[in-house]
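To convert, count from 1 in the sequence shown and add 2; that's the numbering used here.
Each residue gets a CB set at the ideal place from its N, CA and C atoms; glycine is no exception.
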Amino acid sequence: MLRCEECRAETAQARGWRALVCADPEDPTDEPVVAFYCPGCAEREFGFAARDRSWASGPRSLVDRLHNPSGRECGCPPECWCKRTPIGRVLRWYIPSRHHLTVVAR
3 MLRCEECRAE TAQARGWRAL VCADPEDPTD EPVVAFYCPG CAEREFGFAA
53 RDRSWASGPR SLVDRLHNPS GRECGCPPEC WCKRTPIGRV LRWYIPSRHH
103 LTVVAR
């Protein structure tokens, strides 16, 4: 059973809940403890949105690795076919850059 440190809500499911290790860095005798926060309190206190996965550093899913194998960002302008069409968004990382619109620096 998890209990939120802020609102004292309880749950048997951990989905969306956050666990944070808390300790006083100034006090060497302070033992670290794990504090649990419900999704609402975690977002309000620490900015962890329920659907926000930017804080996670785990491995990417198979679909993510197939879609964007190197984890890159596309530098094409919005008019490029790779950003306008569904097939372009899926295949953009497998098509050579010479087939994309070039980014013109002004």
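Cβ contact annotation for E8 (same chain, cutoff 7 Å, sequence separation greater than five): Y39, C43 and E47, in chain order. Here C24 is exposed, its C-beta having fewer than 16 other C-beta atoms within 10 Å.
CA-CA distance, A16 to L4, rounds to 7 Å.
Here H101 is not near C82, since their CB atoms are 7 Å or more apart.
For L22, the enclosing beta strand (DSSP E) starts and ends at R20 to C24. A straight-line Cα-Cα distance of about 25 Å links L64 and R20. Leaving aside the five residues that flank V35 on each side, the residues in its chain whose CB is nearer than 6 Å to its CB run, in chain order, C24. Going by DSSP, A44 is part of the alpha helix (DSSP H) stretching over P41 to F48. Residues L4 of the same chain have their beta carbon placed closer than 6 Å to that of T13, with the five preceding and five following residues left out of the count.
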